[in-house]
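Note sheet for the following structure.
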Amino acid sequence: MEFVNLTIDNKSVKVEKGTSILKAARSVGIDIPTLCYMSLGDMNIENKPGGCRICVVEVEGRRNLAPACCTDAHTDMVIKTNTMRVLNARRTVLELILSDHPADCLICAKSGNCELQTMAHKLGVREIHYKGEMSTYKEDFSPSIIRDMDKCIMCRRCEMMCNEVQTVGALWGVNRGFQAVVSPAFEMDLEKSTCTYCGQCVAVCPTGALTEVDHTNQVIRALADPSKTVVVQTAPAVRAALGEEFGLKPGTLVTGKLAAALRRLGFNFVFDTDFAADLTIMEEGTELLDRLGRHLNGDKEVKLPILTSCCPGWVNFFEKQFPEMKEIPSTARSPQQMFGAIAKTYFAEKIKVNRKDMVVVSVMPCLAKKYECQREEFATDGNPDVDFSISTRELAALIKGANIDFNLLPDEDFDNPLGESTGAAVIFGTTGGVIEAAVRTAYEIQTKKKLEKVDFEELRGLEGVREATIDFNGLPIRIGIAHGLGNARKLLEDIKAGKSYFHAIEIMACPGGCIGGGGQPLHHGDSSILKARQMAIYQEDRNKPIRKSHENPFIVKLYEEFLKHPMSEKAHHLLHTHYFNKKNEFIIE
Amino acid sequence: MSSVKIKLNPKEVEKLKEVCVSFNNEAGELINVLHKAQSLFGYLPAEVQEIVAQELKIPVAKVYGVVTFYSFFTMIPKGQHPISVCTGTACYVRGAEKVLDEFKRRLKIEVGETSPDGKFSLSCLRCVGACGLAPVVLVGEKVYGRVSPDGVAEILAEYE
Chain A
1 MEFVNLTIDN KSVKVEKGTS ILKAARSVGI DIPTLCYMSL GDMNIENKPG GCRICVVEVE
61 GRRNLAPACC TDAHTDMVIK TNTMRVLNAR RTVLELILSD HPADCLICAK SGNCELQTMA
121 HKLGVREIHY KGEMSTYKED FSPSIIRDMD KCIMCRRCEM MCNEVQTVGA LWGVNRGFQA
181 VVSPAFEMDL EKSTCTYCGQ CVAVCPTGAL TEVDHTNQVI RALADPSKTV VVQTAPAVRA
241 ALGEEFGLKP GTLVTGKLAA ALRRLGFNFV FDTDFAADLT IMEEGTELLD RLGRHLNGDK
301 EVKLPILTSC CPGWVNFFEK QFPEMKEIPS TARSPQQMFG AIAKTYFAEK IKVNRKDMVV
361 VSVMPCLAKK YECQREEFAT DGNPDVDFSI STRELAALIK GANIDFNLLP DEDFDNPLGE
421 STGAAVIFGT TGGVIEAAVR TAYEIQTKKK LEKVDFEELR GLEGVREATI DFNGLPIRIG
481 IAHGLGNARK LLEDIKAGKS YFHAIEIMAC PGGCIGGGGQ PLHHGDSSIL KARQMAIYQE
541 DRNKPIRKSH ENPFIVKLYE EFLKHPMSEK AHHLLHTHYF NKKNEFIIE
Chain B
1001 MSSVKIKLNP KEVEKLKEVC VSFNNEAGEL INVLHKAQSL FGYLPAEVQE IVAQELKIPV
1061 AKVYGVVTFY SFFTMIPKGQ HPISVCTGTA CYVRGAEKVL DEFKRRLKIE VGETSPDGKF
1121 SLSCLRCVGA CGLAPVVLVG EKVYGRVSPD GVAEILAEYE
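So the protein sequences, as listed, match chains A and B.
Residue numbers for the first sequence follow this note's numbering, beginning at 1 and rising by one.
Residue numbers for the second sequence follow this note's numbering, beginning at 1001 and rising by one.
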């Protein structure tokens, strides 16, 4: 390994050759400010277009200032990061950016969480010396994401996430100069583009240019309506991240406080999507074993590998980009939708409430869930199984708005019958979790033996693509895992080319899985936060008395009383779905 | 989906695909492919961009990004008689802008646009190497020198 020695602000620094000035400076505690730059170190995700010029530094002997994020450190460089010249340039750059940015911070959805605002504060900008024309652009509302390009600072982080990480290709910088904007092809609306609503663009946007569609008002209205029975479900990844919105350390589990907060908000029944995750395993696991069994019996028609179908971003991805493979994913609906279907049938009957008088709200780490619950196939007579899906961030806003001191709440339990869950359901929140949960159940059903060790370390981690072979009592089951749609694409291309040797593949659209979802508290590029959330999820799993989905007593009861058995006619009707070819829908007019 | 305005015929699609193949369908050759495609069709309608994206296996948003970045590329079909007004330094100081304004006024179109009847399109270019004749106007391949705003009507009349 080759190293270079240089001086930054009179400090000697030794770094590996090829390291940027920015990283070299940060390694010795010199925090050069950045705006467009973003790095998710452990996942090899880095955005450094060198576009904003906030990170400029003075390099001795160099005529102009150098952008620290995309200039390599060289031996004997003498760098100053805080000279008068640098400070002036930095401030000028920021003032120019601000001169074309709406100053509506007071009412901006991103206020308090905006990196541009933070930078203006950090650099102490009190006046903008440049007045001129402001660029304006149409607002774009999709079911999940709002684009307000007037607030875009052209950092291109969204473009990098959408293309390099997710390979979705919905967003790209178009036009030039003052007219330049990040946009779908032909400046069509997001809804018509290849967008999957994974929300990773929203998760990395430094300003209010990309935000989620806010459903909190609809939820408040439903809660205030005495004629409605309002039922809430909350996804596994929410409990591992919500605490961050209330100043708690990343990775703090807040399951009990979460249930308590939802109850205080006035939800009539506080349930858990984890219950539906257990149900998903029953259906998806059975489907896996069914396909596997037929395959082993020489059935050439059967499609393997089976792909998980819990993630709506991923479903949108293959419907829009790989529609020829729409028969391969499991037909099992996502836990959100399974929950809605059971709540508005089984549970509604139990409490004798008409489905039209029941409002099901989901709290999700996800923006694609907003679109998913609006899909026509998930409604009966126009009444959706899930009425509103709100993000972890929106729930935090609801709690704050209701004057609830989250940190003082006692730990409470979820209600029954749709609130009981197992450790297998909890791990749905992280990459590798769905398939591990499926293996725990499928193993016992297939081998009719008790699983001694339920932890499958070989399925865990944060590598983009992972594979493992699990021994089903002599039968090797080959499993693939991908998170991030770019990684998913690799596995899909292999399947398409007939090169895939997996029996089952788990795919989650967001890097890290749901813990890194587009609706989670913003991590501002700190990947240690994702790790902490993942640890929390596995901790919750370990804490659960029951850790296998098929042992959830309320799931057993649900089948006994209502569904009969997995993949029964009723289960098929309520818990399974089919997919569409959406490839041609967005050809230009 | 609403109606498609332009529909390439299969032969044209085939030709376009051949252009892509001549550059080995390489994503890095996007600009060259677009260059050829524009000389083939005169402009780059959305469909052409879709096909190029498909063949080069890149997002159509990227293709559109490149098309809209370079002023050479256009999504508007050129007129039957494309008019180019040189706005290079020599022509500019000799009053090219006034000539350009007169074309705009008479044709009721802006630079980069095509008249509704499809007859004329208007663009600017930088120096045709005939600075001695400044200001210079090109209609199709024909060069007009020492054009004054008063001469614009006469030039247009030649093509009516």
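We put the CB at the ideal spot given by N, CA and C, even for glycine.
| query | result |
| --- | --- |
| 4-residue-minimum alpha helix (DSSP H) runs that sit fully inside the region 175 to 232 of chain A, ordered along the chain | 200 to 204, 216 to 224 |
| CB of M84 of chain A within 7 Å of CB of V59 of chain A, strictly | no |
| Residue-chain proximity (E1154 of chain B, chain A), Cβ-Cβ < 7 Å | no |
| DSSP bridge partner residues for M508 of chain A (one or two, in chain order) | A:H483 |
| Pairwise C-alpha distance: V1021 of chain B and I1079 of chain B | With the sequence shown as reference, residue 1079 of chain B is identified as Gly, and Ile is not the correct amino acid for it. Spanning the two alpha carbons is a distance of roughly 29 Å. |
| Length-filtered (4 minimum) alpha helix (DSSP H) runs lying within the region 534 to 574 of chain A | 553 to 558 |
| Residue burial classification, V439 of chain A (beta-carbon count within 10 angstroms, cutoff 16) | buried |
| Reduced DSSP secondary structure (H/G/I, E/B, other) of E349 of chain A | helix |
| Span of the alpha helix (DSSP H), counted from its first residue to its last, around E467 of chain A | Premise fails: E467 of chain A lies in the beta strand (DSSP E), 465 to 472, not in any alpha helix (DSSP H). |
| Chain-ordered chain A contacts of V1052 of chain B [CB-CB under 9 Å] | Simply none; closest approach about 11 Å. |
| Proximal residues of chain B, C-beta to C-beta of F611 of chain A below 7 Å | This structure does not reach residue 611 of chain A, given that chain A is present from 1 up to 589, and the question cannot be answered. |
| Whole beta strand (DSSP E) elements within the region 343 to 397 of chain A, 3-residue minimum | 358 to 364, 388 to 391 |
| heavy atom of the ligand MN below 6 Å from H523 of chain A C-beta | With respect to the ligand MN, the structure offers nothing, as it holds no ligand at all. |
| D411 of chain A burial status per 10 Å Cβ neighbour count (16 or more: buried) | exposed |
| Chain-ordered chain A contacts of F1041 of chain B [CB-CB under 7 Å] | Those do not exist, as F1041 of chain B stays about 15 Å from chain A at its closest Cβ, beyond 7 Å. |
| Coil, strand or helix - E585 of chain A by DSSP | Per-residue confidence for E585 of chain A stands at a pLDDT of 49, beneath the threshold of 50, marking its modelled position as unreliable; no derived number is given. |
| Under 7 Å between C-beta atoms of E1055 of chain B and N1025 of chain B | yes |
| Distance between L289 of chain A and Q446 of chain A (C-alpha atoms, nearest Å) | 7 Å |
| Identity of the residues DSSP links to W172 of chain A by a beta bridge | A:S183 |
| Helix, strand or coil at N1032 of chain B [DSSP, three-state] | helix |
| Beta strand (DSSP E) segment containing E16 of chain A, residue limits | 11 to 16 |
| 7 Å Cβ cut-off: residues of chain A touching V1033 of chain B | The premise fails here: V1033 of chain B is roughly 16 Å from chain A at the closest Cβ pair, so nothing lies under 7 Å. |
| Short CB-CB distance (under 7 Å) between N316 of chain A and chain B | no |
| Cutoff 6 Å; reference D494 of chain A; Cβ partners in own chain excluding five residues on either side | S500 |
| Three-state secondary structure (DSSP) of N407 of chain A | helix |
| DSSP three-state assignment for I128 of chain A, whether helix, strand or coil | coil |
| CB contact check: V93 of chain A to chain B, cutoff 7 Å | no |
| Residue ranges of each alpha helix (DSSP H) within the region 1037 to 1088 of chain B, 4 or longer | 1046 to 1056, 1060 to 1069 |
| Neighbourhood of S227 of chain A by C-beta distance below 8 Å, restricted to the same chain and skipping five residues each side | D357 |
| R542 of chain A versus C198 of chain A: straight-line alpha-carbon distance, rounded | 29 Å |
| Test: F1069 of chain B CB closer than 7 Å to a CB of chain A | yes |
| Continuous beta strand (DSSP E) stretch holding K1098 of chain B: start and end | Segment 1096 to 1107 is the alpha helix (DSSP H) holding K1098 of chain B; no beta strand (DSSP E) there. |
| Chain B contact for V182 of chain A (CB, 7 Å cutoff) | no |
| Given 8 Å, three or more beta-carbon pairs between the region 410 to 425 of chain A and the region 518 to 532 of chain A | no |
| 8 Å Cβ shell around I1109 of chain B - same chain, five flanking residues per side excluded | S1115, F1120, S1121, L1122 |
| Any C-beta of chain B under 7 Å from that of G50 of chain A | no |
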